[in-house]
Amino acid sequence: MRKPLAMALTLLPLAAVAAETSPIRPEALLAYTQVLSSDAFAGRAPGTAGETATVNYLTEQFRALGLAPGNPDGSYVQQVPLAGISTHSTLNLGGCGKDLQLREPVDYVAGSTQLREQLSTAGSQLVFVGYGIEAPEYGWDDYKGVDVRGKVLLMLIGDPPLPDPKRPGQLDPKQFKGRAMTYYGRWTYKYEIAAAKGAAGAIILHETEPAGYGWFVVMNGWNRERYVVRSEDGNAGELAVRSWLRLDHAQTLLKACGQDFETLKQRALRRDFQPVPLAGEADFRLQQQLRQVQSQNVVARLEGSDPQRKSETLVYSAHWDHLGAQGGQVYAGAADNALGVAGLLELARAYKAAADAGHAPKRSLLFLAPTAEESGLLGARYYVQHPLYPLASTVADINMDIVSRFGLTRDIGVVGFGQSDMDERLRKVAKPLGRTVVEEDAPQNGMYYRADHFEFARVGIPVLYTNAGVELIGRPKGTGRKLAEAYIANDYHKPTDQVKPDWDLRGAAADLGLLYQVGRRLVDGGEVPRFAADSEFKAKQDALLQQSATAGKQQQHGAAAGKQDK
389 MRKPLAMALT
399 LLPLAAVAAE
409 TSPIRPEALL
419 AYTQVLSSDA
429 FAGRAPGTAG
439 ETATVNYLTE
449 QFRALGLAPG
459 NPDGSYVQQV
469 PLAGISTHST
479 LNLGGCGKDL
489 QLREPVDYVA
499 GSTQLREQLS
509 TAGSQLVFVG
519 YGIEAPEYGW
529 DDYKGVDVRG
539 KVLLMLIGDP
549 PLPDPKRPGQ
559 LDPKQFKGRA
569 MTYYGRWTYK
579 YEIAAAKGAA
589 GAIILHETEP
599 AGYGWFVVMN
609 GWNRERYVVR
619 SEDGNAGELA
629 VRSWLRLDHA
639 QTLLKACGQD
649 FETLKQRALR
659 RDFQPVPLAG
669 EADFRLQQQL
679 RQVQSQNVVA
689 RLEGSDPQRK
699 SETLVYSAHW
709 DHLGAQGGQV
719 YAGAADNALG
729 VAGLLELARA
739 YKAAADAGHA
749 PKRSLLFLAP
759 TAEESGLLGA
769 RYYVQHPLYP
779 LASTVADINM
789 DIVSRFGLTR
799 DIGVVGFGQS
809 DMDERLRKVA
819 KPLGRTVVEE
829 DAPQNGMYYR
839 ADHFEFARVG
849 IPVLYTNAGV
859 ELIGRPKGTG
869 RKLAEAYIAN
879 DYHKPTDQVK
889 PDWDLRGAAA
899 DLGLLYQVGR
909 RLVDGGEVPR
919 FAADSEFKAK
929 QDALLQQSAT
939 AGKQQQHGAA
949 AGKQDK
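Residue numbers (the working numbering): 389 to 954.
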């Protein structure tokens, strides 16, 4: 039987061999996805009946697969204390902006992570602060010591696109990573620095290209109940008012205040840029309904077989949540991220099947389905803040979010390419199968900071997060890119994100098979992946490794002392 199979495989393209030999089953991926994206799960919003159905289903599946509970307390869940916030806001502009009438959410959105029922920025002066970045390592400071306490800041989205002096038409790779986005370009950073500066609020001026998504995504994401992790002080130290303003209204506001949007953008590209006070005021009034939400991460574990290595953990993650039901429509989230969770379940099944067949991993595996990714990676953040297994002995995280749906590809993309040697580990398993590992199509969109793996990276744990390739086998050149763009334009965060008749999950199976092989080598070996020398997360990993080494020495010393006592 082996010889005919080998002959048949040689007749297939190597990428097709990857699918044929992958332990991941396309039909199982489809079945799981159809269930999780069905109306019975109501869009899988945290704190709803959809969460209850999702958590119960995943728990049942992990138990049926023979995976052990992932929580040391003997359960398949980690409790995540959230607060749900529903906000209604008004925005009245004074001074030079008094004639501009803005409607929520079609013209602007506003909200807060502070757990207060009422917030206001009455009488707060508007100040344009360029990109709102303070980055000493790049010699960059958009604030220049200007006191912005109590003011409302207008900020550009993204990093400053600084031209390369040696290569006209290209961005300087030495400044803010060139084409790729740094964390300074991420909207979460902009609100964080505004809070640190004592601002009353911040308004991000939306532009589709640097943001990576259109206004509809912003409007849809903010015009619903949002979640934050509960803290004892009600998140009092965070920015009071966080807002976005549609581009055309931003241009109108600045013109009314005697400024030109494009001219200010050019000024913001200079190191000597100074904040620009405007003769206008922003009066935000926020009314917030608050409710406590006890959400849950779902966790399952396969314990390692090596007594010396089973305390080390490799994490596979895929967020289970989506946007729920709004306005009588269910946001099914089939691609985002029911399919990723299906991949998590299939990977768990593959590892357990291998263990049952005598190929148990030496290190342990944790299969983590976090909650509230769509609300700001909250479940993953809570996990790294309250880890079930020590971060110092967590080897890596391999994350799945919006997996391939359009068939076999020659390539597979890496989000955050160059951050760690996880890229090379993927290349080693991909190359023999005729697959190429490439940088993501649009690193300037900052996808590295927009999915759960980022919470692991920011505490020093190397990660691997891939996206679907675009070189579809047997399809005209450019088809893959067009399909990816069509998904963002037509389905991303919309009720139309459903299982489609044209889905071909052989590509998903092949990609997940690569992630299995990367993980397999890690759990069977003794290596620790490393961040690159120029990664902003290397110092965090160095501290973790030092912590791990210190703990190991203390353990050895304790064992030696115990032998002496005997």
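Glycine residues also receive a C-beta, built at the ideal position from the N, C-alpha and C atoms.
Between the C-alpha atoms of residue i and residue j, what's the straight-line distance to the nearest angstrom?
i      : j      : result
Ala419 : Ala897 : 13 Å
Gln506 : Gln675 : 5 Å
Pro392 : Pro553 : Because the pLDDT of Pro392 is 46, which lies under 50, any placement of that residue in the model is unreliable, and the question is left without a value.
Leu424 : Ser619 : 31 Å
Leu690 : Val851 : 19 Å
Glu650 : Arg815 : 42 Å
Asn444 : Thr409 : 32 Å
Gln714 : Val817 : 43 Å
Gln558 : Phe925 : 26 Å
Met395 : Arg798 : Because Met395 carries a pLDDT of 43, less than 50, the predicted location of this residue cannot be relied on, and no value is offered for it.
Ile861 : Gln647 : 51 Å
Thr867 : Tyr526 : 39 Å
Asn855 : Gly895 : 11 Å
Pro414 : Asp709 : 22 Å
Glu613 : Gly482 : 29 Å
Tyr572 : Arg838 : 13 Å
Asp724 : Thr501 : 24 Å
Asp899 : Ser792 : 8 Å
Arg432 : Ala667 : 45 Å
Glu734 : Gln466 : 21 Å
Met835 : Gly857 : 15 Å
Ala582 : Ala937 : 37 Å
Val783 : Ala920 : 15 Å
Leu871 : His881 : 16 Å
Met389 : Ala874 : Any reading at Met389 needs caution, since the residue's pLDDT is 37, under 50, leaving its predicted position unreliable; the model's value is listed next. Rounded to whole angstroms, Met389 to Ala874 spans 43 Å at the Cα level.
Ser343 : Asp922 : The structure shown does not extend to residue 343, since the chain spans only 389 to 954, so no value can be given for it.
Tyr464 : Ala456 : 8 Å
Leu765 : Thr576 : 11 Å
Leu400 : Gly822 : In this prediction, Leu400 scores a pLDDT of 47, lower than 50, which makes its location untrustworthy; the coordinate-derived value is nonetheless stated afterwards. In a straight line, the C-alpha of Leu400 is about 11 Å away from that of Gly822.
Arg634 : Arg908 : 46 Å
Gln422 : Thr440 : 17 Å
Can you name the start and end residues of the beta strand (DSSP E) that residue i belongs to?
i      : result
Asn444 : Per DSSP, Asn444 belongs to no beta strand (DSSP E); it is in the alpha helix (DSSP H), 437-453.
Gly472 : 465-483
Met543 : 540-544
Thr854 : 851-856
Gly589 : 589-593
Tyr704 : 701-705
Gln513 : 512-516
Tyr496 : 496-499
Ser508 : 506-508
Along the chain, where does the alpha helix (DSSP H) that runs through residue i open and close?
i      : result
Trp891 : First-last for Trp891: undefined, no H or E at that position.
Gln422 : 414-424
Ala433 : Neither: Ala433 is in no alpha helix (DSSP H) and is coded neither H nor E.
Asn878 : 867-878
Phe358 : This structure cannot settle anything about residue 358, because the visible part of the chain is limited to 389 through 954.
Assuming the contact rule is C-beta atoms closer than 8 Å, residue i and residue j should be a hit. Round their C-beta distance to whole Å, please.
i      : j      : result
Gly435 : Gly472 : 6 Å
Ala745 : Tyr615 : Incorrect: roughly 41 Å between the Cβ atoms, too far for contact.
Val540 : Ser508 : Not really, about 11 Å apart at Cβ, beyond 8 Å.
Val911 : Arg751 : 4 Å
Tyr363 : Ile412 : A query on residue 363 cannot be resolved here, the shown segment of the chain reaching from 389 to 954 and no further.
Asp530 : Glu522 : 7 Å
Asp840 : Pro758 : 5 Å
Met788 : Ala706 : 4 Å
Gly848 : Gln929 : 4 Å
Leu776 : Tyr704 : With a Cβ gap of about 14 Å, Leu776 and Tyr704 do not count as contacting.
Gly795 : Asp829 : About 17 Å separates the two Cβ atoms, so there is no contact after all.
Val687 : Leu732 : That pair is no contact at about 11 Å.
Leu339 : Ala730 : Because residue 339 is not part of the residues shown, which for the chain are 389 to 954, the question remains open.
Ranges of the alpha helix (DSSP H) found wholly within the stretch 645-678, counting only runs of at least 4: 649-655
At least three beta-carbon pairs within less than 8 Å, the stretch 764-779 to the stretch 674-689: Result yes; three or more Cβ-Cβ pairs closer than 8 Å.
Entirely enclosed alpha helix (DSSP H) segments - the stretch 708-792, minimum 4 residues: 727-744, 766-773
At least 3 beta-carbon pairs within less than 8 Å: the stretch 647-661 vs the stretch 721-738: When Cβ pairs closer than 8 Å are counted between the two stretches, the stretch 647-661 is seen not to touch the stretch 721-738, the count staying below three.
At least three beta-carbon pairs within less than 8 Å, the stretch 477-488 to the stretch 600-613: no
Whole runs of the beta strand (DSSP E) within the stretch 786-829, excluding any shorter than 3 residues: 799-802, 824-827
Every unbroken beta strand (DSSP E) within the stretch 565-631, with a cutoff of 3 residues, ordered by chain: 589-593, 614-617
Contact the stretch 623-633 vs the stretch 574-592: 3+ CB pairs below 8 Å: yes
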